[in-house]
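Residue numbers (the UniProt record's numbering): 1 to 142.
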């Protein structure tokens with residue numbers, strides 16, 4: 001009888017499960033998405049940082065999406081260069097951060113951004129998930 005590890009093949013990479021933008025929920029992570037960049041606005045650009053080993057910091061808010069919805073992606077430093085308007089990118093291990101009660105998509109050091117072949121879908125900009133404001137509700141046990 002084969003063990004589960006043998007059935008799946010040792011060391012075999014799991015195929016990523018691609019998520020659609022409209023499936024994103026607050027507080028979730030580990031998403032793999034293919035999105036198109038609609039626009040990019042630099043929100044922070046600092047030259048020499050307080051300490052020299054940190055270098056400079058760049059942060060841009062990019063509207064990204066697919067054929068189901070759009071969401072604001074927070075790009076940091078070299079990510080800003082990859083998220084140019086019109087580019088199609090694969091976001092691996094992306095997570096949802098909350099900013100002023102609204103969802104923001106981000107890729108931290110545990111994730112990856114890859115430039116992909118241009119996608120043949122249009123971005124559904126009228127369903128922007130970052131425009132939905134969430135309220136944190138604590139459910140107490142009675």
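Just so you know, even glycine gets a beta-carbon here, dropped at the ideal spot from N, CA and C.
Quick caveat: nothing in here was measured; it's all calculated off a predicted structure.
CA-to-CA distance, residue j to residue i, given in whole angstroms
{"i": "residue 96", "j": "residue 66", "result": "16 Å"}
{"i": "residue 84", "j": "residue 137", "result": "36 Å"}
{"i": "residue 119", "j": "residue 134", "result": "30 Å"}
{"i": "residue 5", "j": "residue 86", "result": "Because residue 5 carries a pLDDT of 46, less than 50, the predicted location of this residue cannot be relied on, and the following value inherits that uncertainty. Whole-angstrom Cα-Cα distance: 41 Å."}
Proximity of residue i and residue j at Cβ, strictly below 8 Å
{"i": "residue 139", "j": "residue 69", "result": "no"}
{"i": "residue 92", "j": "residue 16", "result": "yes"}
{"i": "residue 82", "j": "residue 94", "result": "no"}
{"i": "residue 125", "j": "residue 88", "result": "no"}
Residue span of the alpha helix (DSSP H) that contains residue i, given as start and end
{"i": "residue 80", "result": "78 to 82"}
Contacting residues, own chain, Cβ-Cβ under 7 Å from residue i (five flanking each side not counted)
{"i": "residue 122", "result": "67"}
Residues near residue i in its chain [Cβ-Cβ closer than 6 Å; skip 5 each side]
{"i": "residue 64", "result": "35, 37 and 73"}
Residue interval of the beta strand (DSSP E) (run including residue i)
{"i": "residue 40", "result": "29 to 46"}
{"i": "residue 97", "result": "88 to 99"}
{"i": "residue 114", "result": "112 to 115"}
DSSP three-state assignment for residue i, whether helix, strand or coil
{"i": "residue 126", "result": "coil"}
{"i": "residue 67", "result": "coil"}
{"i": "residue 107", "result": "coil"}
{"i": "residue 17", "result": "coil"}
Other residues of its chain near residue i: CB distance less than 8 Å, five sequence neighbours each side excluded
{"i": "residue 29", "result": "93, 94, 95 and 96"}
{"i": "residue 51", "result": "Confidence at residue 51 is low in this model, with a pLDDT of 49, below 50, so its placement is unreliable and no value can be given for it."}
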